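Comments concern the structure below.
Numbering (the working numbering), first residue to last: 12 to 50.
Put into structure tokens, the structure is as follows:
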């Protein structure tokens, strides 16, 4: 959990935004890396 939280913070900081869109992009990236499908 702590690793995911740190990754999420880094993701938002490196993209220069903390919006819902950036959060969704992070979730999509995370799901892709774990080979999970999103509905």
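No residue lacks a Cβ here, since even glycine has one placed at the ideal position from N, Cα and C.
A quick note: this is a predicted structure, and the numbers were derived from the prediction, not measured.
Near the ligand ZN: residue i beta-carbon under 7 angstroms from a heavy atom
i          : result
residue 40 : Although the ligand ZN was asked about, the structure shown includes no ligands whatsoever.
Extent of the continuous alpha helix (DSSP H) to which residue i belongs
i          : result
residue 27 : Careful: residue 27 lies outside any alpha helix (DSSP H) and carries neither H nor E.
CB of residue i within 8 angstroms of CB of residue j, strictly
i          : j          : result
residue 33 : residue 26 : yes
residue 49 : residue 39 : yes
residue 37 : residue 19 : yes
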